[in-house]
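What follows is a single structure, written as structure tokens, with notes after it.
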Ligand SMILES: Nc1nc2c(ncn2[C@@H]2O[C@H](COP(=O)(O)OP(=O)(O)OP(=O)(O)O)[C@@H](O)[C@H]2O)c(=O)[nH]1
Ligand SMILES: [Mg+2]
Ligand SMILES: [Zn+2]
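Chains as they are written, first to last, in the numbering used here: chain D, 537 to 767; chain V, 156 to 274.
Here it is, written out as structure tokens:
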């Protein structure tokens with residue numbers, strides 16, 4: 537543009553066909569993360585859900601049951617506070633906290649930084665607890681192998697229909713807080729049907745971290761995935 | 156609300172392409188957004204207008220083209236497009252459908268002012 541009057545003399549208009557995903561840089565960083573996990577032979581699992589669906593309690597229970605046979609690490613994403621990280625730390629496994637501040641999700645870059653600060657050498661299994669949010673985390677692949685979405689019975693069975701994006705790349709849906717089912721009007725069949733419309737291959741486990749219902753099924757799921765990764 | 160993060164990476168991509176063309180000014184940014192992309196178009200616009208100040212896209216207009224959701228019906232085996240996030244085959248009414256191509260978040264095209272080549 538002409539510096540003096542702003543007319544377009546002295547310059548031409550150009551249309552550039554870009555056709556590039558806005559998330560391309562996140563996608564390639566996720567690929568790098570996947571490579572890091574692969575080099576260390578680590579299975580990565582990304583846990584996503586609304587705030588309070590039971591991610592951290594499930595991790596505490598899972599670690600207690602797995603730690604004899606698998607070396608587990610946890611990366612925690614939270615807007616504020618190290619509280620979840622403290623809870624995991626007290627189980628004795630390595631944990632790294634990503635405080636995202638204003639950001640409502642983890643992205644592949646944040647995980648990448650965390651991976652470089654994490655003792656990866658001895659690890660078999662890395663859990664990433666995403667920021668409690670049923671919307672934003674689903675947009676950002678991290679490079680983990682499996683996406684796990686928790687949906688608690690107290691949230692309502694309409695969530696897969698209302699938040700389809702959260703389920704579009706999920707591998708496993710855990711229906712959590714099953715012990716509270718009798719106190720709710722949660723219709724598990726409906727939640728599963730709606731979620732599978734978006735993601736036909738979705739696996740489902742009904743679980744309670746209070747009564748331990750479904751816990752062994754979940755542990756089998758993890759063992760199966762670890763075995764598949766080792767080939 | 157992660158539209159700000161989206162716009163941040165959008166800006167990086169715009170700056171890159173503008174620099175490659177030696178452009179000082181980008182005038183139009185065309186994005187294609189699918190219904191499963193997980194972004195709200197008007198929030199994206201607000202975020203864009205906030206971020207574009209003092210960038211190469213300062214005067215740029217953001218155009219958002221919504222692309223339809225493609226459904227593969229597992230009953231009648233037809234592929235059809237719908238504008239809403241409604242997972243029902245428009246051909247046969249089956250709910251046994253699989254969504255694809257729904258999460259596009261694509262920078263399609265940029266219009267910019269480039270210096271004239273050597274005369
Ligand atoms: N009754 C019952 N309560 C549960 C269960 N799982 C978790 N809770 C409770 O639900 C609350 C939230 O659990 P957390 O594990 O902190 O949930 P979270 O998903 O990690 O929450 P954020 O990290 O804040 O998103 C706590 O009070 C838990 O004790 C369950 O299976 N049954
Ligand atoms: Mg938690
Ligand atoms: Zn059909």
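Ideal placement from N, C-alpha and C gives every residue a C-beta, glycine not left out. Quick caveat: nothing in here was measured; it's all calculated off a predicted structure.
Annotation: the continuous alpha helix (DSSP H) that includes residue 759/D extends over 751-766.
Residue 264/V is bridged by DSSP to 553/D and 185/V.
Using a Cβ distance threshold of 7 Å, residue 181/V and residue 202/V do not count as a contacting pair. Between residue 553/D and residue 264/V, the C-beta gap is smaller than 7 Å, which places the two residues in contact. Scanning the region 637-667 of chain D for uninterrupted beta strand (DSSP E) segments of 3 residues or longer gives 661-665, listed from N- to C-terminal end. Here the region 670-679 of chain D does not lie against the region 621-633 of chain D, with fewer than 3 beta-carbon pairs under 8 Å apart. Secondary structure of residue 234/V (DSSP, three-state): strand. Non-local C-beta neighbours of residue 216/V in its own chain, meaning closer than 8 Å and more than five positions away in sequence, comprise 182, 183 and 184, ordered along the chain.
For a Cβ distance threshold of 7 Å, residue set 733 and 734 of chain D lies close to residue 242/V, ordered along the chain.
Using a CB distance cut-off of 7 Å, residue 758/D does not count as an interface residue toward chain V. Taking the Cα of residue 566/D as reference, the smallest distance to any Cα among 588/D, 637/D and 646/D is reached at 646/D. Counting along the chain, residue 254/V sits inside the beta strand (DSSP E) bounded by residues 252-255. Using a Cβ distance threshold of 7 Å, residue 608/D and residue 631/D do not count as a contacting pair. Going down the chain, each residue whose beta-carbon is closer than 6 Å to a heavy atom of ligand 3 shows up: 228/V, 230/V, 231/V, 233/V, 244/V, 246/V, 247/V and 249/V. When only Cα atoms are considered, residue 688/D and residue 653/D end up about 32 Å apart. For ligand 1, no non-hydrogen atom lies closer than 6 Å to the CB of residue 583/D. Note that the C-beta distance between residue 732/D and residue 693/D is not below 7 Å.
When secondary structure is reduced to three states using DSSP, residue 633/D falls in the strand class.
Residues of chain D whose Cβ lies closer than 7 Å to the Cβ of residue 260/V are, in chain order, 557, 558 and 559.
Taking the Cα of residue 629/D as reference, the smallest distance to any Cα among 715/D, 557/D and 655/D is reached at 655/D.
Distance from the C-beta of residue 695/D to the nearest heavy atom of ligand 2 is not below 6 Å.
Non-local beta-carbon contacts of residue 721/D in its own chain, meaning distances under 6 Å to residues more than five positions away in sequence, are absent.
Against chain D, the CB of residue 199/V has no partner CB under 7 Å away; the residue lies outside that interface.
Using a cutoff of 6 Å, the CB of residue 557/D does not count as near ligand 1, since none of the ligand's heavy atoms is closer than that.
In terms of CA proximity to residue 244/V, 224/V leads the group 224/V, 167/V, 267/V and 170/V. In the DSSP assignment, residue 227/V is bridged to 234/V and 253/V. Counted as a single uninterrupted DSSP element, the stretch harbouring residue 222/V is not any alpha helix (DSSP H), since DSSP gives it neither H nor E. Contact of residue 219/V with chain D by beta-carbon distance below 8 Å is absent, the smallest such distance being about 12 Å.
Between residue 580/D and residue 658/D, the C-beta gap is not smaller than 7 Å, which leaves the two residues out of contact.
Proximity of residue 641/D to chain V, defined by a Cβ-Cβ separation below 7 Å, is satisfied.
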